[in-house]
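If you count the sequence shown from 1, position 300 lands on 574 in our numbering, and the numbers rise without skipping.
C-beta atoms are modelled at their ideal positions from N, C-alpha and C, and glycine is treated no differently.
This report concerns only the one structure given below.
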Amino acid sequence: CAVAAAASRMTAMAGERPCIEMGSRRTNEYAAVAAARAAYVAGFASTSNLEAGRHYGIPTTGTAAHSFTLLHDSEEEAFRAQLKTLGKGTTLLVDTYDIEEAVRTGVRLSKGKLGAIRLDSGDLAEQAADVRALLDSLGATKTRIIVTSDLDEYQIAALRAAPVDGYGVGTSLVTGSGAPTCGFVYKLVARAASEDRDAELLPVAKKSSGKTSVGGRKYALRRIGRKCRAEAEVVGIGTAPENDGNDRPLLVQLMAKGRPIGREPLEAARERHLAARAELPQSALKMSKGEPALPTILLDEAGGPADNPYAKEPERTEEVR
275 CAVAAAASRM TAMAGERPCI EMGSRRTNEY AAVAAARAAY VAGFASTSNL EAGRHYGIPT
335 TGTAAHSFTL LHDSEEEAFR AQLKTLGKGT TLLVDTYDIE EAVRTGVRLS KGKLGAIRLD
395 SGDLAEQAAD VRALLDSLGA TKTRIIVTSD LDEYQIAALR AAPVDGYGVG TSLVTGSGAP
455 TCGFVYKLVA RAASEDRDAE LLPVAKKSSG KTSVGGRKYA LRRIGRKCRA EAEVVGIGTA
515 PENDGNDRPL LVQLMAKGRP IGREPLEAAR ERHLAARAEL PQSALKMSKG EPALPTILLD
575 EAGGPADNPY AKEPERTEEV R
């Protein structure tokens, strides 16, 4: 009921513009199928969930992910591969790097017959207006603009005046809209330089507005200080330094050669949780909101401080006279 109610509000705000259900990664795999059905009942045009399409006959649609673009040597190579496989009517994701350049490349490769482009970050209303003008100037007047990026019914309503042709909705839909959520997403940070088994890993990163990622393979450590108390969380690029006894690795391998290897007995997991919580300072157990109990330190490949694109900018204060 919560999903259908949210879907109904979204389709009401969207009017004649289609809404696409794209929330499978945000919920349990079985719940995702049920959510797709509820969304379709409440007016959504299609779903990205293939099982929902197979089981209920719901029209299916989708688009490529940023990781697909990052896997290729260039954005143009990624677009060529997608167009070759899916045809000119496909939807190209254009905000991995530079939006204008991506739009021009997509139109050129499709000879002006591109089905749609997708925007997934930044000021969607402003970008949609700019992209619409660019598409029209290139002769791609029938190419549609689809927008995503954690949309809900309020954002859909705010985009009514924008030249948008459709909305892809995920998190807010499958959670019923209004429920607290964690915006976890998959970010590709490295790819093999070749198909060789021991090929070098090349760092890759997304550069679009508001969703910049940090390229390169990572390691994560909890820095332990006096009295066995945690002092900081360390995220580094490259290979972790030799353990000096004061850093506890936070990453555990879960898969090897396609097989799960990281399972642990239930009681062992309980004991590990208690030990990890005991490392935290007393301030971490306070129930009031505030700054993180542990600072996060980002290190570059040389072990020095790296720029953190996720760090909050200090608030500006103006002197009043």
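Asked	Found
Cβ contact check for the segment 425-441 and the segment 281-288: 3 or more pairs under 8 Å	yes
First and last residue of the uninterrupted beta strand (DSSP E) at Lys492	Lys492 to Ile498
Cutoff 6 Å; reference Arg590; Cβ partners in own chain excluding five residues on either side	Low local confidence applies: a pLDDT of 48 at Arg590 is under 50, so the model's placement there is unreliable, and no value is given.
Buried/exposed call for Val526, threshold 16 Cβ in 10 Å	exposed
Rounded C-alpha distance that separates Ser451 from Ile420	20 Å
Thr343 - DSSP class collapsed to helix/strand/coil	helix
Cβ neighbour criterion (16 or more within 10 Å) applied to Thr486	exposed
Assigned secondary structure, Ser446 (DSSP; H/G/I helix, E/B strand, else coil)	helix
Contact check, Gly363 vs Gly396, beta carbons under 7 Å	no
Beta-carbon proximity list for Leu476, same chain, < 8 Å, skipping 5 on both sides	Ala464, Arg465, Ala466 and Ala467
Sufficient close CB pairs (3 or more, under 8 Å) joining the segment 294-314 to the segment 435-443	yes
Reduced DSSP secondary structure (H/G/I, E/B, other) of Tyr428	helix
Given Arg471 as reference, the closest of Thr417, Pro437, Lys531 and Pro515 once Cα atoms are compared	Lys531
Burial state of Glu592, where buried means 16 or more other Cβ atoms lie within 10 Å	At Glu592, the pLDDT of 49 sits below 50, so the modelled position is not reliable; the number obtained from the coordinates is stated separately. By the 10 Å Cβ count, Glu592 comes out exposed.
Val508: first and last residue of the uninterrupted alpha helix (DSSP H) it sits in	Here Val508 belongs to no alpha helix (DSSP H); instead the beta strand (DSSP E) covers Ala504 to Ile511.
Range of the contiguous beta strand (DSSP E) that encloses Asp404	Per DSSP, Asp404 belongs to no beta strand (DSSP E); it is in the alpha helix (DSSP H), Leu398 to Ser411.
Alpha carbon of Arg354 to alpha carbon of Leu393, nearest angstrom	19 Å
Rounded C-alpha distance that separates Ala576 from Val509	13 Å
Alpha carbon of Thr365 to alpha carbon of Val381, nearest angstrom	11 Å
DSSP state of Ala316 mapped onto helix, strand, coil	coil
Ile571 - partner residues in DSSP beta bridges	Val508
For Ala466, the first and last residue of its enclosing beta strand (DSSP E)	Ala464 to Ala466
Bounding residues of the beta strand (DSSP E) (the contiguous stretch that carries Val421)	Arg418 to Val421
Neighbourhood of Arg378 by C-beta distance below 8 Å, restricted to the same chain and skipping five residues each side	Leu408 and Leu412
Member of Gln401, Pro566, Gly361 and Leu367 whose CA lies at the smallest distance from the CA of Lys385	Gly361
Span separating the alpha-carbon of Ala339 from that of Glu565	33 Å
Cβ neighbours of Leu383 in the same chain (closer than 8 Å, five flanking residues each side left out)	Glu350, Phe353, Arg354 and Leu357
Local Cβ density within 10 Å of Asn517, reported as buried at 16 or more and exposed below that	exposed
Given 8 Å, three or more beta-carbon pairs between the segment 559-574 and the segment 530-550	no
Run of the beta strand (DSSP E) containing Thr365, from where it starts to where it stops	Thr365 to Leu367
Residue range of the beta strand (DSSP E) that includes Arg522	Asp521 to Pro523
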